[in-house]
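All residue numbers for the sequence shown refer to our numbering, where the first residue is 3 and numbers rise by one.
A quick write-up on the structure given underneath.
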Amino acid sequence: MSESGSGAWDPSSGASRWPEAFELATRLASDAGDSVRAILLYGSRLLKTRPDRHSALDFVVIVDDYRSFYEHLSRADELHRPVRVMSSLSHVLAPNVIAYAPEEGRAGLAKCLIVSKAHFERALGPNPPDHFLLGRMLQRVGEVWARGPEESDWVRRQISGAHSRVLDWMAPYLEEDVDARGLGRRLLEVCYQGELRPESKGRAGAIFEAQEPHFARVLEPALRSAVSQGRMVEREGKYALASPVPGRVARRWRRYFRRSKARTTLRWFKHMMTFANWLPYVVRKVERHTGRTIELTTLERKLPLIFLWPRAIHVLLTRPRREIRS
């Protein structure tokens with residue numbers, strides 16, 4: 003599976019399509035022993051949505067066992083936090099986010115979401131705990147490394163299942179008729195509203211434009227299935243809800259997104275503990291997406307949990323409405 007939800011397993015496709023990502027993923031899988039099952043690529047480097055030379059590769063690393071993964075990474079001298087702390091935090095607001103930067107970054111940098119098969123399956127299932135992982139895996143994803151065809155097939159089934167269930171939670175947010183592309187655009191708007199993010203308010207639109215064919219391909223089957231089930235009707239090339247969404251269903255999903263936003267916000271505190279050198283990474287990300295140069299004070303650098311909040315709130319309140327283009 004070179005692209006999410008399509009194609010037969012080809013162990014060479016990751017190397018040919020994303021050579022830098024494949025090389026770093028292969029090295030990570032080697033450092034982690036036999037604990038890694040698959041490594042997926044997503045985000046700005048895959049979509050080519052204004053990455054710069056500082057942009058990390060975005061990986062989802064699916065593992066068998068958290069403790070085994072972190073123990074192997076520690077032995078390879080690529081883990082900069084205690085194994086016990088990392089494995090314990092894996093079960094709190096999964097997944098953990100770590101930086102993988104072999105040779106002090108000279109061999110590449112990846113921001114890795116470390117998630118077990120069980121947590122991955124739950125996150126993409128019919129009753130996800132929040133939208134953090136689901137919102138990312140519904141987008142275009144590339145598989146850069148897998149233990150074998152069975153793992154690749156399993157990943158494909160999880161992602162395809164998530165695509166098929168999109169209308170379960172999107173129906174309350176469909177105010178007008180949509181086609182697959184329109185559903186994809188609205189989906190990203192809902193997902194981005196469900197997180198506190200430093201990017202511009204127009205970021206969801208830019209991300210959609212970078213993967214419009216993907217949404218047309220993967221969401222059309224969900225719409226057609228909804229028609230066959232009587233949940234939607236097709237008219238003039240678009241789809242509409244066959245009947246209004248019951249109030250209790252709409253309230254359930256609005257509560258879900260409020261809870262998801264709270265959980266995603268709380269994750270920032272965990273990221274500060276698990277992601278080595280998180281502050282320079284966040285500063286570069288904000289600079290790239292806002293077009294501003296940020297100079298931290300000494301107190302902000304030394305005690306960010308205390309003194310960085312006013313600046314963080316200012317960034318969120320003054321985000322540009324449109325995506326900054328280079």
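All residues carry an ideal CB built from backbone N, CA and C; glycine is no exception.
All figures in this text were calculated on a predicted structure; none of them were measured in a lab.
1. Just to confirm my understanding: we take Ser-92, look at its own chain, exclude 5 residues before and 5 after, and list those with CB closer than 6 Å. What are they?
2. Grab the span of the beta strand (DSSP E) containing Leu-59 for me, first residue to last.
3. Does DSSP put Leu-42 in a helix, a strand or coil?
4. Is the Cβ-Cβ distance between His-82 and Ala-206 less than 8 Å?
5. Ends of the alpha helix (DSSP H) at Arg-83?
6. Could you give the DSSP three-state label for Ala-10: helix, strand or coil?
7. Would you identify the three-state DSSP class for Arg-333, choosing helix, strand or coil?
8. Would you decide whether Ser-37 is buried or exposed? Buried here means 16 or more other CB atoms lie within 10 Å of its CB.
9. Write down every uninterrupted run of the beta strand (DSSP E) in the segment 137-220 whose length is 3 residues or greater and which is fully enclosed by it, in chain order.
10. Whole angstroms are fine: how far does the CA of Ala-242 sit from the CA of Glu-178?
11. Helix, strand or coil for Val-229? Go by DSSP, reduced to three states.
12. Is Lys-113 helix, strand or coil by DSSP?
13. Return the residue from the list Arg-149, Arg-257, Leu-140 that minimises the CA-CA distance to Gly-163.
14. Could you have a look at Arg-47 and say whether DSSP puts it in helix, strand or coil?
15. Just to confirm, is the Cβ distance from Arg-183 to Ala-228 under 8 Å?
16. Give the DSSP-derived three-state secondary structure of Arg-108 in the structure shown.
17. Check each candidate in Pro-306, Thr-276, Pro-131, Thr-299 and name the one with the smallest Cα separation from Arg-86.
18. From Leu-225, Glu-22, Arg-313, pick the residue whose C-alpha is nearest to that of Arg-108; which is it?
19. Consult DSSP for Arg-77 and reduce its assignment to one of helix, strand or coil.
20. So, helix, strand or coil for Val-247, using DSSP?
21. Count the other CB atoms, across all protein chains shown, that sit within 10 Å of the CB of Gly-45; report buried if there are 16 or more and exposed otherwise.
22. Which whole-angstrom value is the C-beta distance of Ser-262 and Gly-196, which I expect to be below 8 Å?
23. Determine the extent of the beta strand (DSSP E) in which Glu-236 is found, giving its start and end residues.
24. Go through its chain and collect everything with a Cβ distance to Val-65's Cβ below 8 Å, but skip five positions before and after it.
Result, derived from the coordinates:
1. In its chain, beyond the 5 residues on either side, Tyr-68, Asn-98 have a beta carbon closer than 6 Å to the beta carbon of Ser-92.
2. Residues 59-65.
3. The three-state secondary structure of Leu-42, taken from DSSP, is strand.
4. No, Cβ-Cβ distance for His-82 and Ala-206 is not below 8 Å.
5. Taken as a continuous stretch (DSSP letters only), Arg-83 belongs to no alpha helix (DSSP H), as it is neither H nor E.
6. Low confidence applies to Ala-10: its pLDDT is 41, below 50, so where it sits in the model is not reliable enough to give any reading.
7. Since the first residue shown for the chain is 3 and the last is 328, residue 333 is missing from the structure and cannot be characterised.
8. With 16 or more Cβ atoms within 10 Å of its Cβ, Ser-37 is classed as buried.
9. Under the rule that a run must span 3 or more residues, the beta strand (DSSP E) segments found entirely inside the segment 137-220 read 144-148.
10. Looking at the two C-alpha atoms, the distance is approximately 7 Å.
11. Looking at Val-229 - three-state DSSP - the assignment turns out to be helix.
12. In the structure shown, the three-state DSSP call for Lys-113 is strand.
13. Looking at the Cα atoms, Leu-140 is the closest of the given residues.
14. The three-state reading of DSSP puts Arg-47 in helix, counting H, G and I together.
15. Result no, Cβ atoms of Arg-183 and Ala-228 do not sit closer than 8 Å.
16. Here Arg-108 sits in coil by DSSP.
17. For Arg-86, the closest C-alpha among the options Pro-306, Thr-276, Pro-131, Thr-299 is that of Thr-276.
18. Checked all of Leu-225, Glu-22, Arg-313; the closest Cα to Arg-108 is Glu-22.
19. Note: Arg-77 maps to helix in three-state DSSP.
20. Val-247: coil per DSSP, three-state reduction.
21. Burial call: buried.
22. That belief holds up - the Cβ atoms of Ser-262 and Gly-196 are roughly 5 Å apart, short of 8 Å.
23. Following the DSSP letters along the chain, one finds Glu-236 inside the beta strand (DSSP E) bounded by residues 234-237.
24. Taken in chain order, the residues that qualify are Ala-34, Ser-37, Val-38, Arg-39, Phe-71, Ile-116, Val-117, Ser-118, Lys-119.
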